[in-house]
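Count the sequence shown with my numbering and you get residues -4 to 235, in order.
Glycine is no exception: its CB is placed at the ideal position from the N, C-alpha and C atoms.
Input: a single structure, listed below in structure tokens.
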Amino acid sequence: MLGRTHSIQPRKSGRLQLEIIKLLQPRKSSQGVTLLECLVAITVVAVVISSFTPPIFLAVGTRVQNRRAEQALQLAQAEIDRVRRIVEQGSYYDYETCPAGTSKTACLPPKAGISDRDFRRQSKPSAFNDSPDSINATTALRIDINNDGKPDFLMQSYRSEGIQQSGRTVAFNMGVRVYAYFDTMNFGDLQDPPEKAASLKLSTALGAQKKLPLAIIYTSVVKSDTPDSQSSYKTFLENQ
């Protein structure tokens, strides 16, 4: 009896050890499924990223364009406000007769060779300059709006012949056009004269900005606090 008992226990113990070893060994089929799952997951992530990336770039590009157009409009309005302010204050000169030593920013915009009626037909800019003291009706002022050392815009500001009173222009039309500036811009590509501002579309490219200004403002400026203001304004309206 005792001998039989001792012969059976080692066999059971050996089988149990073998079963435990088999359970502890990794299965080839399990490793294959895990690798396949990783490949599927990587593929899904790649597809998702490739689907969302273009819309993100498009949204960012459109937002940048909208911001640029807003800044251009602010520049154009600021130039109009500057001219109106100096005319109201009365201490201003024509750009061409601005006294030596006086900043041209205290003077009216350069005079274009066009009538009051046709002032919107003024030619596009054909060159640019970095100083407001060295421009004319077809020379745009290059502007760095964020002070990073790189120009962002070109602003063309000009006025019509207008009405003279005591040697001073007291009523005139003026136009301001603000273009996006880029290093490879070609003045020959600009529409002459521009009929409208560039239309901003969902895009990351410059598009119509290569041909049209981002902002256009046309307006009339009249000095109204002189004895002959009414008659000057009447003559000005007749010339429209």
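Bridge-paired residues (DSSP) for residue i
| i | result |
| --- | --- |
| Val216 | Phe167 |
| Thr134 | Ala122 |
| Tyr174 | Leu149 |
| Ile211 | Arg172 |
| Lys106 | Arg154 |
| Tyr88 | Cys102 |
| Gln204 | Answer is none; Gln204 lacks a bridge partner. |
| Gln235 | Paired residues: none, contrary to the question. |
| Gln160 | Arg163 |
Check whether residue i and residue j have beta carbons under 8 Å apart
| i | j | result |
| --- | --- | --- |
| Asn168 | Tyr228 | no |
| Ala175 | Gln151 | no |
| Glu243 | Asp125 | This structure does not reach residue 243, given that the chain is present from -4 up to 235, and the question cannot be answered. |
| Ser118 | Pro188 | yes |
| Arg163 | Leu149 | no |
| Pro120 | Thr100 | no |
| Ala95 | Val173 | no |
| Ser226 | Lys218 | no |
| Asp184 | Lys206 | yes |
Option in the options with minimal Cα separation from residue i
| i | options | result |
| --- | --- | --- |
| Asp113 | Ser215, Val43 and Gln159 | Ser215 |
| Gln66 | Pro105, Gln186 and Leu209 | Leu209 |
| Ile130 | Tyr153, Lys206, Arg116 and Arg115 | Tyr153 |
| Arg116 | Glu190, Leu232, Ser219 and Glu74 | Glu190 |
| Val171 | Ala192, Gln159, Asp184 and Val165 | Ala192 |
| Glu74 | Leu31, Pro127, Leu30 and Lys206 | Pro127 |
| Asn141 | Thr29, Arg63, Val40 and Ser226 | Arg63 |
| Gln84 | Asp143, Val165 and Leu30 | Val165 |
| Asp147 | Phe231, Val39, Glu32 and Val59 | Val59 |
| Ala135 | Gln160, Lys145, Ala122 and Val43 | Ala122 |
| Leu232 | Ile158, Gln69, Ala36 and Gln186 | Ile158 |
| Gln160 | Thr230, Asp143, Ser194 and Gly144 | Thr230 |
8 Å Cβ cutoff, residue i in contact with chain B
| i | result |
| --- | --- |
| Gln225 | This model lacks chain B altogether, as it is built from one protein chain only. |
- request: Indicate whether the contact test is met: 3 or more Cβ pairs, each with one atom in the segment 91 to 107 and one in the segment 178 to 197, closer than 8 Å.
  value: The segment 91 to 107 is not in contact with the segment 178 to 197.
Three CB pairs or more closer than 8 Å across the segment 105 to 112 and the segment 70 to 81: As far as the Cβ criterion goes, the segment 105 to 112 does not touch the segment 70 to 81, which means the pair count is below three.
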